[in-house]
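Novice:
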Amino acid sequence: MVRRESPTPIITLLTDFGTSDGYVGVVKGVIAGIAPEARVIDLSHEVPPQDINSAAFLLDESFRYFPEGTIHLVVVDPGVGSSRFGLALFSKGHFFVGPDNGVFTSVLDNADVHRLDEPEYWLEKVSDTFHGRDVFAPVAARLAKGYSLGVFGPEYENPVRLILPEPYEVDGEWRGKVVYIDRFGNLVTNFSQELIESITAEGCYVVVGGPGPKWPLCHAYSDVSVGENCALVGGFGRLELSVNQGNAAERFGIKVGETLSLRTCSRVD
Amino acid sequence: MVRRESPTPIITLLTDFGTSDGYVGVVKGVIAGIAPEARVIDLSHEVPPQDINSAAFLLDESFRYFPEGTIHLVVVDPGVGSSRFGLALFSKGHFFVGPDNGVFTSVLDNADVHRLDEPEYWLEKVSDTFHGRDVFAPVAARLAKGYSLGVFGPEYENPVRLILPEPYEVDGEWRGKVVYIDRFGNLVTNFSQELIESITAEGCYVVVGGPGPKWPLCHAYSDVSVGENCALVGGFGRLELSVNQGNAAERFGIKVGETLSLRTCSRVD
Amino acid sequence: MVRRESPTPIITLLTDFGTSDGYVGVVKGVIAGIAPEARVIDLSHEVPPQDINSAAFLLDESFRYFPEGTIHLVVVDPGVGSSRFGLALFSKGHFFVGPDNGVFTSVLDNADVHRLDEPEYWLEKVSDTFHGRDVFAPVAARLAKGYSLGVFGPEYENPVRLILPEPYEVDGEWRGKVVYIDRFGNLVTNFSQELIESITAEGCYVVVGGPGPKWPLCHAYSDVSVGENCALVGGFGRLELSVNQGNAAERFGIKVGETLSLRTCSRVD
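Residue numbers (numbering that gives the first Met the number 0), protein chains in the order written: chain A, 0 to 268; chain B, 0 to 268; chain C, 0 to 268.
#1: What is the rounded straight-line gap between the Cα of A/T18 and the Cα of B/G226?
#2: Quick one: is C/R132 near chain A, going by C-beta distance under 8 Å?
#3: If contact is defined by three or more beta carbon pairs under 8 Å, each pair taking one atom from either stretch, is the region 82-95 of chain B in contact with the region 46-53 of chain B?
#4: With distances taken from CA atoms, which of A/R174, A/T199, A/V232 is nearest A/V206?
#5: Can you tell me which of the three DSSP states B/S61 falls into?
#6: Check whether the region 19-26 of chain A and the region 56-67 of chain B are in contact - that is, three or more C-beta pairs closer than 8 Å.
#7: Tell me the DSSP secondary structure of C/T7 in three-state form.
#8: Assign B/N52 to one of three DSSP states: helix, strand, or coil.
#9: From the DSSP output, which residues share a beta bridge with A/N228?
#10: My output table needs one value for B/V267: the three-state DSSP class, helix, strand or coil.
#11: What does DSSP give as the partner residue(s) for B/F94 in the beta ladder?
#12: Report the rounded CA-to-CA distance for A/V255 versus A/E239, giving the unit in angstroms.
#13: For B/L88, tell me which candidate among B/V178, B/G101, B/I30 has the shortest Cα-Cα distance.
#14: Have a look at A/D268 and B/L13 and give me their C-alpha separation to the nearest angstrom.
#15: I'd like to know if B/Y167 contacts chain C, where contact means its C-beta is closer than 8 Å to some C-beta of that chain.
#16: Roughly how many angstroms lie between the CA atoms of C/R266 and B/R114, to the nearest whole one?
#17: By Cβ distance below 6 Å, which residues in the same chain neighbour B/P215 in space, the five residues on each side in sequence not counted?
#18: Since C/V278 and C/N185 should fall inside the 8 Å C-beta cutoff, what is the C-beta to C-beta distance between them, to a whole number of angstroms?
#19: Please list, in chain order, all residues of the same chain as A/P164 whose beta carbon is under 7 Å from its beta carbon, the five residues on each side excluded.
#20: Are the region 146-158 of chain A and the region 35-50 of chain A touching, with three or more C-beta to C-beta distances below 8 Å?
#21: The alpha helix (DSSP H) spanning A/G275 covers which residue range?
#22: Looking at the unbroken alpha helix (DSSP H) that takes in A/Y167, where does it start and where does it end?
#23: Quick check: A/V134 and A/I195, are their CB atoms within less than 8 Å of each other?
#24: Candidates C/E117, C/Y167, C/L122, C/Y64: which alpha carbon is nearest C/P153's?
#25: Can you grab the Cα-Cα spacing for the pair A/E168 / A/R237, in whole Å?
#26: Could you check if A/D108 is buried or exposed, using at least 16 other CB atoms within 10 Å of its CB as the buried criterion?
#27: Determine, using beta carbons only, whether C/L49 comes closer than 8 Å to chain A.
#28: Given a limit of 7 Å on CB to CB distance, which residues of the region 59-82 of chain B reach chain A?
#29: Check the Cβ of C/S126 against every Cβ in chain A and list those closer than 8 Å, keeping chain order.
#30: Residues bridged to C/T128 by DSSP?
#31: What would DSSP say about B/L13, mapped onto helix, strand or coil?
#32: So A/S19 contacts chain B; which residues on that side make the cut at Cβ distance below 7 Å?
#33: Leaving aside the five residues before and after C/F16 along the sequence, list all residues of the same chain whose C-beta is less than 6 Å from its C-beta, in chain order.
#34: If you draw a straight line from the alpha carbon of C/A31 to that of B/G68, how long is it in whole angstroms?
#35: Note down, in chain order, all residues in the region 208-227 of chain B with a beta-carbon under 7 Å from any beta-carbon belonging to chain A.
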C-alpha cells in the first residue's frame, strides 16, 4: 500500500492534447481544486496524436530526472471510452497514472499496479472522451494528497506491454532502429549509452538503411563542421544521428522505425 | 464589492500571444512582482490572432473546471489602444479580467461588472499595444491579493455581447453550426449534451451541409472502426463530429460556421 | 559575492528546446529536485534553433518585467560540448545563467560575471549535449537556494559580446534594421521608444529597403483601417512595423536584418 509523503508533491503531465484547446488547462484546474499544494510540470503535450510508442519513450527518458515520489500523469489514450482499464502504479520510486495501453511498459517490472475501479475518486460526471480530466487527474491529485494506491482499485496482474525492439549483433555488426525524432531532426536510436561504450572504438560509424548515409561516432556536435554528420550519445542517453546545426531527419528523409547498422571496429581495450 | 479570500489564488491566462515571443512570460513576471503567491495556469495562448469568438468559446468551456475564486485573465484584444474599455467582473463564483469586446459574453448575465478606470492599479507606464501586461495583469494580480472589484473603477452597465448562434428545430430536424475545431480536427458544434440527450435516440445521424457526409451518433470513438465517422458528446460537453483516429476537419474540408442538421429519429421514451 | 535572498525565488527559462520532446520538463525536474521552493516561468522555448541573436533580444526585452533577484536561465547553445565556458552573472538586479556565447550581451556592462568551473554543483553525470539539464539548471537552482555567485567559479573578464546594430543618422534621415519578427508578423526594429520620441513629429514615415512600402507613424493599431500599414512603438518598447490585423512580414516578404529609413520631419519642439 504505497502512499506518497513528500511535502512538495509534483505531478508531471505527458499528453497528446496539444496546447491550443484548453484541455491541459482544465486538467490543471481539476488538480488545483483537489490538491492546491501540488506543483504541475509539463513534460510534453505534443506527443503525436494517439502515438503510444512515443509517449512510452518520452516517459522512460524523462521520469528519472524528477524527485522520488513524483506522480507522472500520462494521457495518450486512443481507447478512451472503450473497456480498457485505467491504472495507478508505483515503480522505481515514482507514481504513474493513465490508461492501460502500454505507455508504462518500461516501468512495469516489479511495479505495484492497481486498476482504477472506484468512481468515488473521480469527477462526479465522467465523459466517454476525456478521462484525463475526469478520471486520471482526480486520481493523480489524490495521490499528491497522500492517498494510498490501494484505495483506487484492486491490484492488477496483466497490464498491457509494448514490444520494444532491442539492438542485436549479427554478421560482425550491431543492428538497431530509429525510435524517436526530436524537434531538431535528430534521429534517436535504441542504442543505449552503456551499449555504445561497450562496443565502440575510434573509427566506428553508423550506416542507415542499406547503402545509406554514414555517421562517424563523435562526442559533441562541435566535433564536426557545420552541416556534417555526427553520431553521438545525446540528451536522452541514446545514440543519436545528427547533422551539426542541421536537421538530419529532413535532410535524409529518415523516419521512426528505420533500421541502422553500427559497423564494429577493432576494440581498443 | 466582491473580493476574493482564498488562500491559494489562481490566475488563468487565455490569449492569442503564442508562446514564442516572451509576451506570456512578461505577463507572468508582472503578476509575480505584485502577487508572488498567485499560481498562474495557462488555458491557451494559441487562440487564432484576434479571434474573439474562439476565445469566448474556450473560456466558457474551461472556467468551470477551476476552483471558485479563480481569476481568469483573457487577452484577445484587437481594439487595444482604441477607446474600448477594460473590464473586471465577478460571475458564477469566478473573476474575469480583460477587454470589453465580447469575450466574456457567456458569463455576463447577473455579473458584477466594473470598468477599469484607475491607472494607479496599472503599471506606471502603459503602452498602446500591450494592455495584457500593462493593465490587465496588474489588475488580476491585485484581485489575487484580495483587492475589491470596486477599487478598479465604477460599475458598468453595457458590456459588449457577441451573438452566439443557438440550434433550432425546423422541418422535423435540428439545425446547428460548427463553432470550434480542436487540434485533432474534431468539429465541435453548438449542440449541448443536454439538448442531445433530450432529442436523440438510436438511429439518429448528423449531416453537414446539404448532401454532405453522414455522422451516426455514438458514445465513444471506439464504437466505430478506425477511420469511420462518429458524432459524440466530446470533452467540451458539446456534440462533436469526429473520425476515429483521424482528422475530420481536414478529411472533409469543413470549417467553423458550417451548418449541420441532426436528423431526428423516433423518440425512445 | 552576490547572493539572492528573496523568499520566493523565480527562475525563468529561455531556450530553443521546443516543447515537444520533454527537454524543458526534465530541466524543471532537475530544478525541483534541488530547489523545490523555486517557481519556474517560461519565457520562450521557441527561439529559432541556435539563434543567439534572437535569444539575446528576447532576454533583453523581457527580464526587466520580473522582480529583482529573478534568475534567468538561457539555453541557446550551439557550442555545447566544445570548449565554450558556462557563465553565472549578476547585473541590473538580476541573475543570469547560461553559455558564454553572447546571449547576455545586453547585460554585461558592469556585471559580476563568473565562469562555471566547479562540477560539484552540477549533475553527477554531465553529457556533452545537454548542459541546460546537467550544468545550468543545477547552478540556477542553487542560486535560487541562496548560494553565492563566487562558489560556482572564478570571476571572468572577457565574456563573448554580440555586435548589436544601432540606428544612425545620415543624409537627413535615420537608418536602422529589423531585429526581430514576432508571431503576428510585426517587424520589430532597433529604434527605441526614446529615440522615436526624440526625433519624430507628425507626418513622419518609415520606408523599408530602397523604394519599399511606406509606414506612417501611429500610436495604436486602431489608428489605421484594417489591412493598413502602421509604425508604432509596440510591446517590446521598440518601433514596430505592422499591418492592422494583418501579417506585415508575410505580406511584404521582409526578413530580420532588412534595412529601413525613418524619414525625419520638421521637429515640433
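Ideal Cβ positions, reconstructed from N, Cα and C, are used throughout, including at glycine.
Specialist: This is what the structure gives:
#1: 24 Å
#2: yes
#3: no
#4: A/R174
#5: helix
#6: yes
#7: coil
#8: helix
#9: A/V242
#10: In this prediction, B/V267 scores a pLDDT of 40, lower than 50, which makes its location untrustworthy; the coordinate-derived value is nonetheless stated afterwards. In the structure shown, B/V267 sits in coil (DSSP, three-state: anything other than H, G, I, E or B).
#11: B/I70, B/F89
#12: 12 Å
#13: B/G101
#14: Residue confidence is low: A/D268 scores 38 on pLDDT, short of 50, so the model does not pin down where it sits. Its coordinate-derived value is still stated next. Taking the straight line joining both Cα atoms gives about 59 Å.
#15: no
#16: Note that C/R266 has pLDDT 43, beneath the 50 cutoff, so the model's placement of it is unreliable and the number below is only indicative. Rounded to whole angstroms, C/R266 to B/R114 spans 38 Å at the Cα level.
#17: Y204
#18: Residue 278 of chain C falls outside the range modelled here, since chain C spans only 0 to 268, and no answer is possible.
#19: K176, N189
#20: no
#21: No answer is possible for residue 275 of chain A: the residues shown for chain A start at 0 and end at 268.
#22: First-last for A/Y167: 167-169, but that is the beta strand (DSSP E), not the alpha helix (DSSP H).
#23: no
#24: C/E117
#25: 17 Å
#26: exposed
#27: The residue you asked about is not Leu; residue 49 of chain C is Gln in the sequence shown. Taking Cβ atoms only, chain A reaches closer than 8 Å to C/Q49, which makes this a yes.
#28: E60, S61, Y64, F65, P66
#29: V232, G233, G234, G236
#30: Looking at the DSSP assignment, C/T128 forms no beta bridge with any residue, so it has no partner.
#31: strand
#32: S43, E45, R182
#33: Y22, V23, H44
#34: 28 Å
#35: H218, A219, Y220, S221
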